[in-house]
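One structure is given below, encoded as structure tokens.
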Amino acid sequence: MCLADITGRIAADLEYLKQFTATPGNGCTRLPFTKEARAAVDFLKKIMAEAGLEVREDAAGNVIGVMKGEDENAPCVMMGSHYDSVTNGGDFDGIAGIVCAVEAARQLKEKNIKLKRNFVVVGFCDEEGLRFGTGYFGSGAMLGNRDVEYCKHYRDQDGISIYDAMKGYGLDPEKIGDAKWPEGSIGKFLELHIEQGPVLDAENIELGLVDCIVGIQRYMVTVHGRADHAGTTPMDMRMDAVDAATKVISKIADWAREKADGTVATTGYIHTVPGGMNIVAEQVDFTVDIRSRNNDNISDIANRIRAALDRETAQMGGSYEIDTKLVITPVMLSEEMLQIMEDCCREKGYSYKRLPSGAGHDALEIGQVIPTVMLFVPSRDGRSHCPVEFTRYSDFARASVVMTELAEKLLTA
Ligand SMILES: [Zn+2]
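With the numbering used here, the residue at position 189 of the sequence shown is 189, and numbering never jumps.
Here you go:
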């Protein structure tokens, strides 16, 4: 199978999948537990089956395809990514990692490799976490980190819980525990993903071998003050939630700049209540997203935010709450698999570079407990989470060749 043919197969799958969006003509919007998600999963099941995989959907909405090896109980080699998207996102974020894993299965079948252990292709449900303000739902469930309480706790902007959304989608949330894989059953994991940053494209490099994924902490902060007339309430007699909240928010970026290790911190959402031009705000909700290769940097910034909230809300005479949305420590990826991929790139003449991932991925959740590696392909101009996101199909094809070689080495060992 030559690279042009592989490119053609990947292009055909990804072009077909483009139609499963809630915003046709304006990027991919495929939120979890929607009809667009269902349609994409049905197509993935079809191409998995055609590639010779035994296909099923688990209790968390993950789609799983298995190519059986000699010893079905030996720790498997798993490859995949997520099939959901953000709102008005790109066509390849996540889904390309599943399509390339299916392509790797096709190539293994064509090479007639005798597998000693199972090769598993997975499409994860709700990695982005946009709808419910969470993240890594399907991959977390696979590790046993999601339960019924979790499903009931998190709600979307319409007040629909994960629990109810799952029911509407045809899943039984009471069975979420069944999505867990027995300890030791997943031997190794690889995720192919678009880079979502500018490095590979700017340096004209075909493949990124990811050696570390940064850690992430996400918080929703609510500051409580008191609503009053903006004209008649003197400055020293008001409890202005905006005043207190913004004093904290304004410091967060500077705290991140003080740190090394690619530390970043972002407040991407601010909401005031009641939100009137002539009313002192009684409440401010804002988010904080902190990331770094070094977990101490993340924790230090989170602690400084808490201390500043203590100080500013006491000053104002109000109060605050912090809802922890996500805590994930940085992950160093598998040197063994990096080495195999590096050898393969050299042998095939593909240009490559080692780099860290600043974005969280299912590999971040899984890499906490299972030897994991990631492969990046270039994102044109580094753009992602927007409709102009683009990667060349030939780059995906080269990645699938490396994935196949890695799978072959691991599955025959
Ligand atoms: Zn993604």
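Note that beta-carbon positions come from the ideal geometry of N, C-alpha and C, so glycine has one too. Source: prediction; values computed, not measured.
- Bridge pairing for Arg-56: Ile-64 [DSSP].
- The closest CA to that of Glu-336, considering only Asp-289, Lys-409, Asp-323, Arg-392, is found on Lys-409.
- Out of Val-214, Gly-52, Arg-38, the CA that lies nearest to the CA of Thr-329 is found in Val-214.
- Taking 8 Å as the cut-off, the Cβ atoms of Leu-192 and Gly-97 count as close.
- Burial is judged here by how many other beta carbons sit within 10 angstroms of a residue's own beta carbon; Ser-384 has at least 16 and is buried.
- Between Ser-357 and the set Cys-344, Ala-141, Glu-54, Val-264, the nearest pair of CA atoms involves Val-264.
- Nearest C-alpha to Asp-285 among Gly-225, Ala-104, Ser-299, Ala-307: Gly-225.
- Within the region 284-359, the runs of alpha helix (DSSP H) that reach at least 4 residues and sit entirely inside it are, in chain order, 295-316, 335-348.
- The beta carbons of Leu-207 and Tyr-352 sit closer together than 8 Å.
- The distance from the Cβ of Gly-177 to that of Asp-147 is about 7 Å, consistent with a contact at the 8 Å cut-off.
- Those residues that have a beta carbon less than 5 Å away from any non-hydrogen atom of ligand 1 are, in order along the chain, Asp-93, Gly-94.
- Looking only at Pro-274, Asp-289, Leu-209, Thr-21, the smallest Cα-Cα distance to Cys-345 is reached by Leu-209.
- According to the DSSP assignment, Lys-45 belongs to the alpha helix (DSSP H) that extends over 35-50.
- Look at Asp-228 here: in three-state DSSP terms it is strand.
- Put simply, the backbone Cα of Thr-324 is about 18 Å away from that of Ala-141.
- With a threshold of 16 other beta carbon atoms within 10 Å, Gln-217 meets it and is buried.
- Three or more Cβ pairs closer than 8 Å define a contact, and the region 116-127 meets that threshold against the region 74-90.
- Cβ contact annotation for Ala-101 (same chain, cutoff 6 Å, sequence separation greater than five): Met-79, Gly-80, Val-121, in chain order.
- Bounds of the alpha helix (DSSP H) holding Phe-396 are 393-411.
- Per DSSP, the unbroken alpha helix (DSSP H) holding Asp-201 starts and ends at 199-203.
- Between Gly-69 and Leu-411 a beta carbon distance of about 6 Å is seen, short of the 8 Å cut, so the two are scored as contacting.
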